[in-house]
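Just so we're aligned, residue 2 is where the sequence shown starts under the working numbering, counting upward by one.
Ideal placement from N, C-alpha and C gives every residue a C-beta, glycine not left out.
Predicted model, so just to flag it, every value in this text is computed and none were measured.
These notes concern the structure reproduced below.
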Amino acid sequence: MKVYLDNSATTRPGDQAIEAMRSAMTDGYFNPSALYAPALAAEKDMDRCREQIRAVLHAAQGQVTFTSGGTEADNLAIAGSLLGRRPGGKVLYTAGEHPAVLESCKAMADQGFEAVPIPLGPDGLLDLQQLDSLLSKDTRLICVMQVNNETGAIQPLEAVAKLRDRRCPQALLHVDGVQGFLRHHCPVQLWGIDSYALSAHKIHGPKGVGALWTGSRVRLTPILHGGGQEQGIRSGTENTPGIAGLSAAIAAYPAHHDMRALKLRLYERIRAGIPGVSINGPAPEGADAADHILNLSFAPVRAETMLHALEAEGVYVGNGSACSSRKGRHSHVLTAMGLPAARIESAIRFSLAPDLHMEQIDYAAQAVIRSYGLLKAYTRR
2 MKVYLDNSAT TRPGDQAIEA MRSAMTDGYF NPSALYAPAL AAEKDMDRCR EQIRAVLHAA
62 QGQVTFTSGG TEADNLAIAG SLLGRRPGGK VLYTAGEHPA VLESCKAMAD QGFEAVPIPL
122 GPDGLLDLQQ LDSLLSKDTR LICVMQVNNE TGAIQPLEAV AKLRDRRCPQ ALLHVDGVQG
182 FLRHHCPVQL WGIDSYALSA HKIHGPKGVG ALWTGSRVRL TPILHGGGQE QGIRSGTENT
242 PGIAGLSAAI AAYPAHHDMR ALKLRLYERI RAGIPGVSIN GPAPEGADAA DHILNLSFAP
302 VRAETMLHAL EAEGVYVGNG SACSSRKGRH SHVLTAMGLP AARIESAIRF SLAPDLHMEQ
362 IDYAAQAVIR SYGLLKAYTR R
C-alpha cells in the first residue's frame, strides 16, 4: 500500500484541475491581454477565479493579483507594501513564519525598516502579550500566518487584528494563508486583514501559480516590471492554464471532509503503540490545531532515518518545511518554540488530504510503530 502523508509540501493535482489545464492549453491558449473574443474569454475565466477567491475569503471587495505561487505572493505583499513608503518603523513577523515571509521581512532591514520576530509559545502559537509589548505607533507591517506549515498551529488572527486596531491601527496585517486556504475559515474583511497569500499546489491544483488578495488600505509597489499586467501590479503574461487549474481546484475542494477524524485516529494509533511519542504543536484535538497537520517526535530515532524507513514501507511523510528540509538545518519553527534538540532532530510531520481513507491511516500508523520499534533498537544513546 502507498500512503502519501506529505500534503503540506505539495498535493496531487485533482482530475478536475488537470482537465481544466488541458483545456486551457489546447482550446483557451489565447493571451488574455489581446482584444479578440477568445482572448476576452480567457480574461473572463481569470476574473471568475478572482471571484472564487474573494468568495472563499468572504471579501466583497479587494484586488486579487495572480502570482507564480505563495512565495511571490508573500514577497509582493511585504516588499510591495513597504517599498513605496517612507523608510523607518518596525516590521513584525512570527518566529515560525514560512521562509517566504521570514526572509522577506529580514530583507526589509536593508531598506531602512526594523525587522522584529514575535515569539512563539511551546505550543507554536504566538504570544499575544509579547506581541502587545512589541506594537507601537511606528509599526508598519505585521505578518502572521494562518496555519503553520510544520506544526499545524492556527494563529489567533482575529485577536491579532483587534490588538493592532487598539495599539497601531495604521499598521497593515499580512497573512500567509497557504496552509489555511479552503481548510480553515478566514473572513479577511471581517477580521481586519489587509493582505492574504495562497498557493494552488497546496489545494490539489498545479505548481507555479498563486494569488494575493489585498484590501483597500494596501497600495502595492510592483516588484516586477514589464507590460503592466494584473492592473499594473504584476507584469508578465498570466499563467492562464495554471489559473484554470487553480479555479478548478477551488471548485472541487470538498466543503466537508474527515481529515480531523483521520488525523486523530493516526495520532491515537501511534500513541497506543509508542507511548513516549511527543506532540510538537497544539493538542491535536484542540480548536487551534489544523485538521490536516500532525507533528510528532520519535526520539531517539532521527527524523531522516525514520522518514526513509517509512518510505520503504510505502508511507511518505515530511520532516519540516519542504523548502528547507534538504539543507540539513534544524527546524526554525520548533527551535522558536523552545523544544529540546532531541525532539527537534526526531520530528516527523504527517499532513493529510481529503481523499485519504481509514485503511490508509491504519496502515501508516502500523508502519510507524513497526519502523520505530526496529530503529530504536539500533539507535545509539
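Could you tell me which of 273, 283, 165 sits nearest to residue 293, measuring between CA atoms? Distances from the alpha-carbon of residue 293 to those of 273, 283, 165 put 283 closest.
Looking at residue 304 and residue 360, is the spacing between their C-beta atoms short of 8 Å? No. Outside cutoff.
Look at residue 348 and residue 281 and say whether their C-beta atoms are less than 8 Å apart. Contact flag set, yes.
If we count the other Cβ atoms within 10 Å of its Cβ and call it buried at 16 or more, is residue 375 buried or exposed? Around the beta carbon of residue 375, a 10 Å sphere encloses fewer than 16 other beta carbons of the protein chains shown; the residue is thus reported as exposed.
Unbroken stretches of the beta strand (DSSP E), 3 residues or longer, contained in the stretch 77-109: Runs of the beta strand (DSSP E) inside the stretch 77-109: 91-95.
Buried or exposed: which applies to residue 366, given that a residue is buried once 16 or more other Cβ atoms fall within 10 Å of its Cβ? By the 10 Å Cβ count, residue 366 comes out buried.
Label residue 14 either buried or exposed according to how many other C-beta atoms from any shown protein chain fall within 10 Å of its C-beta, with 16 as the threshold for buried. That one is buried.
Beta strand (DSSP E) containing residue 375: first to last residue? Premise fails: residue 375 lies in the alpha helix (DSSP H), 359-378, not in any beta strand (DSSP E).
By Cβ distance, which residues of its chain are closer than 7 Å to residue 368, with the 5 residues on each side in sequence left out? Answer for residue 368: 311, 314, 316, listed in chain order.
Residue 1 to residue 187, Cα distance in whole Å? Lying outside 2 to 382, the shown extent of the chain, residue 1 is not represented and no answer is given.
Evaluate the contact criterion for the stretch 256-264 versus the stretch 50-61: three or more CB pairs, one atom per stretch, below 8 Å. With a cut-off of 8 Å, the stretch 50-61 and the stretch 256-264 do not count as touching, because too few Cβ pairs lie within range.
For the stretch 208-221 against the stretch 100-109, do three or more pairs of beta-carbon atoms, one drawn from each stretch, fall closer than 8 Å, so that the two count as touching? Judged by Cβ distances under 8 Å, the stretch 208-221 makes no contact with the stretch 100-109, as fewer than three pairs qualify.
Taking DSSP as the reference, what is the three-state secondary structure of residue 326? The predicted model places residue 326 with a pLDDT of 48, which falls under 50 and marks its position as unreliable, so this point remains unresolved.
Under three-state DSSP, which class holds residue 55? Taken through DSSP and simplified to helix, strand or coil, residue 55 comes out as helix.
Just the C-alpha distance for residue 176 and residue 350, rounded to the nearest angstrom, thanks. The C-alpha of residue 350 is placed about 22 Å away from the C-alpha of residue 176.
I'd like the list of long-range same chain contacts for residue 1, defined as Cβ closer than 6 Å, with 5 residues on each side in sequence excluded. Within the shown structure, residues of the chain are numbered from 2 to 382, placing residue 1 beyond reach of any answer.
What residue range does the alpha helix (DSSP H) around residue 305 cover? Per DSSP, residue 305 belongs to the alpha helix (DSSP H) from 304-313.
For residue 178, the nearest candidate out of 93, 70, 223, 125 (CA to CA): It is 70 whose Cα lies nearest to the Cα of residue 178.
Which same chain residues end up closer than 8 Å to residue 278 when comparing Cβ atoms and leaving out the 5 residues on each side of it in sequence? Answer for residue 278: 271, 272, 297, 298, 299, listed in chain order.
Between the CA atoms of residue 221 and residue 34 - distance to the nearest angstrom: Approximately 21 Å between the Cα atoms of the pair.
Kindly list the residues whose CB is nearer than 7 Å to the CB of residue 286, restricted to its own chain and excluding five residues on each side of it in sequence; keep chain order. Excluding its 5 nearest sequence neighbours in each direction, residue 286 has C-beta neighbours in its own chain below 7 Å: 265, listed in chain order.
Using three-state DSSP, classify residue 319 as helix, strand or coil. In this structure, residue 319 counts as strand in the three-state DSSP scheme.
Any idea which residues DSSP pairs residue 145 with across the strands? Beta-bridge pairing links residue 145 to no other residue.
Any Cβ of chain D within less than 8 Å of the Cβ of residue 220? The structure shown has no chain D; it contains just one protein chain.
So, at 7 Å on beta carbons, what are the nonlocal neighbours of residue 181 in its own chain, with the 5 sequence-adjacent residues on each side left out? Cβ neighbours of residue 181 beyond the five flanking positions: 147, 148, 187.
If you follow the alpha helix (DSSP H) that residue 168 is part of, which residue opens it and which one closes it? Element bounds for residue 168: 158-168.
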